[in-house]
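**Q** One structure coming up, written as structure tokens, with questions to follow.
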Amino acid sequence: MSCGTCAVSSWLKKLFAREGPSESGRSGQASEAHIDDWMREAYALHKEGKLADAEDRYRRILRAQSENVDALYLLGEISNRSGRHERAIELIGKAIAASPGVAAFHHEFAMALRSNREHARAESSFAKAIELAPNDLQSLTELGDLQLEMGKPSSAEKSFREIERLSPGLLATSVNLGSALMAQNRLDEAAEWLDKALEQDPFCVQALSNLGVVNIKRKDIPAAQRLLERALEFDPFCFEAQVNLAVVLQKQAKWDKAMRILEEAVRTRPDHPHVKHSLARAYWHRSDYDAAERALRDAVRLAPDLIDPAVDLSKILFETGRIEEALAHMRTVLQNHLKQPVAHVALGYMLEMVGEFTQAMACYEDALALDPASVQAHVNRGVLWILTGDLERGWPEYEWRLRTDELIAAYGRFPLPRWDGGSLAGRTLLVHAEQGLGDEILYGSCLPDAIRQAKHCVIECADRLVPIFSRSFPQATVRGMAKGDIAQWLKDVPPIDVQIPTGSLPLHFRRKAADFPREQPYLKADPDRAKAWKTRLEDLSPRMKIGLSWRGGVPMTGNALRSIPLEQLLPILGQQDVSFVSLQYGDVKNELARLEHSHGIAVQHWQEAIDDYEETAALMCALDLTITVCTAVVHLGGAQGLPVWILTPLRPEARYGASGHTMQWYSSARMFRQARVGDWSGVVDKAAAELRQAVTRRVLPSIPAAVTPQ
């Protein structure tokens, strides 16, 4: 054990050099010689690690000499090492008051303050120790580490560079300088220092882990994963490498693997709020809401001042239907973080979801007043404008989404200039994929406009959409997602002049209600497959055939609020003279088996029709009607001009509009809207009543005339 001997040995030598009683001994008290003997005994026990015995001797000395700086300091050092930081601060503070010129006292005082989370005072005390002992590398290192923890990387850099000046070439200095530069986003400089560290020691786990983080920031996820996995090969329990690898896996949506790594990290550091928060998000993505909530509550308890876990706790309360509790919690978070734009944005989103659009917009405006460059505030404001029909302002504001990390990486894949809406005559346009399948299909309604204007169009889309997009847009070159070697992907298509993300097409082609074509389906299923499904369904029964999808979206996108348990759909499912066909993506065998066992209702499910989008599109053509929540099925049916009934939450995604029963995007779609968040009973009953009439008449109700949003 160290017991501070490196820092104070020269000072203590004076103690052990004393011989005989001191002239300063006081009458009626222990002699100076006795004090010196007790001190030698205590210090020997201290060095041997017999801290309880040493502590007893130091207390004995202080009973005899209450201002003995030796005992005050060393007893304070024991208190600090044993976790009694406030007691250590008191004792060492007294030693400093008596002997302010001892660097070791200020160093240990700073260590106790840091452990007690009094960071500003600790920083000042380290600085005083360095003033008294300018060549003390230990104090300089501790000061730099503390400054990094305080979010002062430029100050940390100065501390570490002073170490490099005093003692060039230390491995730890290279790693620490890399950390300080990385925290300032000076990534190339950080990589140079970390590479230098790895030249000295190829097995340096901290350098490998930090270089992995540099590559995360560079958006080079494969390189980051290689470095972090290598770090964990050398030290499977390296906490930082575990946490950073989990970040890499989460960015690749490998939530199960990330969850396992984070659970291991939590076992190592159960009191780390950031890891608890990351673990909560992994649980959330797996739809394990109870585990996610527990982890978020732990994170908030461990770090009440951190805003992100507190905001996410509000969100998960909201998504699991505890609306009032979520709003109350979010308002409390906002009161504690009035200067944080993210708090205003989060409350605004929740207010928007309960239909309080005016209050929501005020929250977004408040966020932008605090930070005019708040990406999420701009995006949310744009989405709300689109939702309420203000397309002229909405689409330009929605372009802020391209500044998010995810879309920066997606947009930056292609080294091509952005199309600005100018003439496409004689130019080839690349429309590249972004977001989900439903988004690609929805924005695909703009592709005929782009194809008409451009010399040629190259369309990048999800691999599952390539066959139907190729058939539907034969004038264009359609390719699956560009992965890996982008240069090779570009070589395999006609030369491209300009590019645009698919979600930006409406900025140029859907600026007002009149821009939306009516009665013009733009996707075409394989006619032979559609005919085969028609025959197959006729063989199944002579009844009406209705497709059904009851879960929408993925976790953390509000999917719980737009999904409906099958049990709640019984008024629809219990209809006579109807055969239901599942169009639900994912593993639903157990759900359907429980439904049949409990209620005697069989829903036909052909997995091959779900896994292959060509089959899904063809199957939908053979159905009389599709009833679905807000999911990609809406778009696949609407884009083909097929009848679709949409069970719509109170505040759906912007494409569905804020009111009315029709969609601007699809003339064949009809919406049944919630009146209250989370209450599906009225929606289901209304759809069931209309379905009952349709079954009786064998004719679907006509779709009301479109209403242009105000």
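For the sequence shown, our numbering gives the first residue as 573, with consecutive numbering after it. We treat Cβ as the ideally placed atom computed from N, Cα and C, and that holds for glycine.
1) Cutting at 6 Å between CB atoms, please list the residues of its own chain near Phe-775, excluding the five before and the five after it.
2) Specify, as a first and last residue, the run of the alpha helix (DSSP H) that Cys-935 falls within.
3) Which whole-angstrom value is the C-beta distance of Asp-1035 and Gly-1010, which I expect to be below 8 Å?
4) Answer with buried or exposed for Ser-746, where buried requires no fewer than 16 other C-beta atoms within 10 angstroms of its C-beta.
5) For a quick check, are the C-beta atoms of Leu-885 and His-909 less than 8 Å apart?
6) Nearest to Pro-876 by alpha carbon, out of His-846, Ala-699, Glu-1168?
7) Quick check: the Cα distance between Phe-538 and Asn-952, rounded to an integer number of angstroms?
8) Write down the C-beta distance between Cys-1033 and Phe-1041 rounded to the nearest angstrom, noting that I regard them as a contact closer than 8 Å.
9) Taking all protein chains shown into account, decide if Asp-708 is buried (16 or more other Cβ within 10 angstroms of its Cβ) or exposed.
10) Going by DSSP, what residues sit across from Ala-701 in a beta bridge?
11) Excluding the 5 residues preceding and the 5 following Asn-688 in the sequence, name in chain order all residues of the same chain whose CB lies nearer than 8 Å to its CB.
12) Per the contact definition of three or more C-beta pairs closer than 8 Å, is the segment 1158 to 1165 in contact with the segment 1223 to 1242?
13) Once DSSP output is grouped into helix, strand and coil, what is the label at Arg-1242?
14) Look at the alpha carbon of Ser-711 and the alpha carbon of Ile-664, and state the distance between them as a whole number of angstroms.
15) In terms of alpha-carbon separation, which member of Gln-1147, Asp-880, Gly-648, Gly-1213 lies closest to Leu-1014?
16) Can you grab the Cα-Cα spacing for the pair Ala-626 / Met-683, in whole Å?
17) Shorter than 7 Å, the distance from the beta carbon of Pro-881 to the closest heavy atom of the ligand NAD, or not?
18) If I follow the unbroken beta strand (DSSP E) through His-909, where does it start and stop?
19) What did DSSP end up calling Leu-996 once you bin it into helix, strand or coil?
20) When DSSP labels each residue in this structure, what does Trp-1105 get in the three-state scheme?
21) So, using beta-carbon positions, are Ala-1070 and Arg-1115 closer together than 8 Å?
22) Can you find the residues in the same chain that come closer than 6 Å, C-beta to C-beta, to Thr-1203, ignoring five residues on each side of it along the sequence?
23) Within 8 Å of any Cβ in chain D, is that where the Cβ of Ser-946 sits?
24) Is Leu-1222 helix, strand or coil by DSSP?
25) Quick one: residues in its chain with C-beta nearer than 7 Å to the C-beta of His-1207, no 5 flanking neighbours on either side, listed in chain order?
26) Below 6 Å CB to CB, which residues in the same chain sit around Leu-1145 once its five sequence neighbours on both sides are set aside?
27) Determine the direct distance from the alpha carbon of Val-955 to that of Glu-969, and round the result to whole angstroms.
28) Just to confirm, is the Cβ distance from Pro-881 to His-849 under 8 Å?
29) Rounded to the nearest angstrom, how far is the Cβ of Arg-629 from that of Ala-614, given a contact under 8 Å?
30) How would you call Lys-700, buried or exposed, if buried means at least 16 neighbouring beta carbons within 10 angstroms?
31) To which residues of the same chain is Glu-971 closer than 8 Å at the C-beta, ignoring the five residues directly before and after it?
32) Less than 8 Å between the beta carbons of Trp-1105 and Ala-1190, yes or no?
33) On the three-state DSSP scale, how would you describe Lys-619?
34) Apply the 10 Å Cβ neighbour rule to Gln-719 and answer buried if 16 or more other Cβ atoms are within range, or exposed otherwise.
**A** This is what the structure holds:
1) Indexing the sequence shown from 1 puts residue 775 at position 203. Closer than 6 Å at the Cβ level, and outside the excluded window around Phe-775, lie Phe-806.
2) What you label residue 935 is simply residue 363 of the sequence shown in a count that begins at 1. Per DSSP, Cys-935 belongs to the alpha helix (DSSP H) from 929 to 942.
3) On the sequence shown, residue 1035 is found 463 positions in, with the first residue counted as 1. On the sequence shown, residue 1010 is found 438 positions in, with the first residue counted as 1. Contact doesn't hold; Cβ gap of about 16 Å is too wide.
4) Residue 746 sits at position 174 when you count from the first residue of the sequence shown. Result: buried.
5) To locate residue 885, count along the sequence shown from 1; it is residue 313. To locate residue 909, count along the sequence shown from 1; it is residue 337. The answer is no: Cβ separation not under 8 Å.
6) By one-based count along the sequence shown, residue 876 stands at place 304. Residue His-846 is the option with its Cα nearest to Pro-876.
7) No answer is possible for residue 538: it lies beyond the span of the chain, which begins at 573 and ends at 1282.
8) Locating residue 1033 in the sequence shown gives position 461, counting from the first residue. Locating residue 1041 in the sequence shown gives position 469, counting from the first residue. That pair is a contact at about 5 Å.
9) Position 136 of the sequence shown, counted from the first residue, corresponds to residue 708. By the neighbour-count rule (16 or more Cβ atoms within 10 Å), Asp-708 is buried.
10) Here residue 701 corresponds to residue number 129 of the sequence shown, with the count starting at 1. For Ala-701, which the question treats as bridged, DSSP gives no partner whatsoever.
11) As a first step, residue 688 is located in the sequence shown; it is residue number 116 there, counting from the start. His-657, Glu-658, Ile-661.
12) no
13) Start at 1 with the first residue of the sequence shown, and residue 1242 comes out as number 670. Here Arg-1242 sits in strand by DSSP.
14) Here the question's residue 711 lines up with position 139 in the sequence shown. Here the question's residue 664 lines up with position 92 in the sequence shown. Cα-Cα distance, rounded: 16 Å.
15) Here the question's residue 1014 lines up with position 442 in the sequence shown. The option with the nearest alpha carbon to Leu-1014 is Gly-1213.
16) Mapped onto the sequence shown, residue 626 falls at position 54. Mapped onto the sequence shown, residue 683 falls at position 111. Each residue's Cα considered, the two are about 21 Å apart.
17) The model depicted lacks the ligand NAD and carries no ligand whatsoever.
18) Walking along the sequence shown from the start, residue 909 turns up at place 337. Neither: His-909 is in no beta strand (DSSP E) and is coded neither H nor E.
19) The sequence position of residue 996 within the sequence shown is 424, counting from 1. Residue state, collapsed to three classes: coil.
20) The sequence position of residue 1105 within the sequence shown is 533, counting from 1. Helix at Trp-1105.
21) Residue 1070 sits at position 498 when you count from the first residue of the sequence shown. Residue 1115 sits at position 543 when you count from the first residue of the sequence shown. The question names Ala, but residue 1070 in the sequence shown is Val. Contact flag unset, no.
22) Here residue 1203 corresponds to residue number 631 of the sequence shown, with the count starting at 1. Closer than 6 Å at Cβ, skipping near neighbours: Ser-1121, Gly-1124.
23) Reference to chain D is not applicable here, since this structure consists of a single protein chain.
24) Residue mapping note: residue 1222 aligns to position 650 of the sequence shown, counting from 1. Coil at Leu-1222, not helix or strand.
25) For the purposes of this step, residue 1207 is identified with residue 635 of the sequence shown, where counting begins at 1. Same-chain partners within the cutoff: Gly-1010, Ile-1013, Leu-1014.
26) In the sequence shown, counting from the first residue as 1, residue 1145 sits at position 573. These residues qualify, in order along the chain: Ile-1173.
27) If you number the sequence shown from 1, residue 969 lands on position 397. If you number the sequence shown from 1, residue 955 lands on position 383. Each residue's alpha carbon lies about 8 Å from the other.
28) Sequence index remark: in the sequence shown, residue 881 carries index 309 (1-based). Sequence index remark: in the sequence shown, residue 849 carries index 277 (1-based). In this structure, His-849 lies closer than 8 Å to Pro-881 by Cβ.
29) Reading the sequence shown from its first residue, position 57 is the one you call residue 629. Reading the sequence shown from its first residue, position 42 is the one you call residue 614. With 8 Å as the limit, Arg-629 and Ala-614 qualify as a contact, their Cβ atoms being about 3 Å apart.
30) Taking the sequence shown and counting its residues from 1, one reaches residue 700 at position 128. It counts as buried.
31) On the sequence shown, residue 971 is found 399 positions in, with the first residue counted as 1. Counting only Cβ-Cβ distances below 8 Å, and skipping sequence neighbours, we find Gly-954, Ser-1076, Leu-1079.
32) Taking the sequence shown and counting its residues from 1, the one referred to as residue 1105 is at position 533. Taking the sequence shown and counting its residues from 1, the one referred to as residue 1190 is at position 618. A contact, by the Cβ cut-off of 8 Å.
33) Along the sequence shown, one-based indexing puts residue 619 at 47. Lys-619 falls in the helix class under three-state DSSP.
34) Walking along the sequence shown from the start, residue 719 turns up at place 147. It counts as buried.
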